[in-house]
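The numbering of the sequence shown is numbering that gives the first Met the number 0, which starts it at 0 and goes up by one. Cβ atoms here follow ideal geometry from the backbone N, Cα and C, with glycine treated the same way.
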Amino acid sequence: MHSVISKENMGRRYLTPNEVSSALARGKHVEAFLGGFDADGIAAVRWLDLSGDGRQVYGEVWEFPDYGSEHYVDVYGFGSLGGNDKPAVIYRWDSLEEALSVIDRQFPGATARLVNQGVVQEEYLDYKRSREN
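Below, the structure written as structure tokens:
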């Protein structure tokens, strides 16, 4: 059996809430690029990593100096602002619904930009390109 992939689906990057739930249930991580900010005069960026164990949802917000470029987008290797290679914020929720509600309150629109693990680097690249124009 062959599946047909339309051009519309090929370009879709963001996950629906059902896709987020499915990914977490399979032990996968889901991420969102949260944008840039000023950290005491240092250009910095942050991203969110979500994971789950079937009972709870865990979130980590990573903040790091914006050392990247269009040719270097490995956000996982940038380290953290404090130099301790630990997330800036750690969350634990009892349900995905609770997680998504808190995320949207703290980072408006972030739940509409959730992506599969690894795609956050593409989001960062888009951010870098938009800053250069």
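As DSSP reads the structure, GLY58 sits in a beta bridge with LEU49, TYR90. Here DSSP, grouped into helix, strand and coil, assigns VAL44 to strand. Excluding five sequence positions before and after ALA109, the CB atoms of its chain that fall closer than 7 angstroms to its own CB belong to ALA31, LEU33, LEU47, ILE102, ASP103, given in chain order. VAL29: member of the beta strand (DSSP E) spanning 29-38, first to last residue. Leaving aside the five residues that flank GLY53 on each side, the residues in its chain whose CB is nearer than 7 angstroms to its CB run, in chain order, ALA24.
The alpha carbon of HIS70 has as its nearest neighbour, out of TYR13, TYR123, LYS85, ARG12, the alpha carbon of TYR123.
Under DSSP, the beta-bridge partners assigned to VAL114 are GLU30. SER68 sits in a strand when the DSSP states are folded into three classes. If you look at ARG130, you'll find it in the alpha helix (DSSP H) that goes 119-131.
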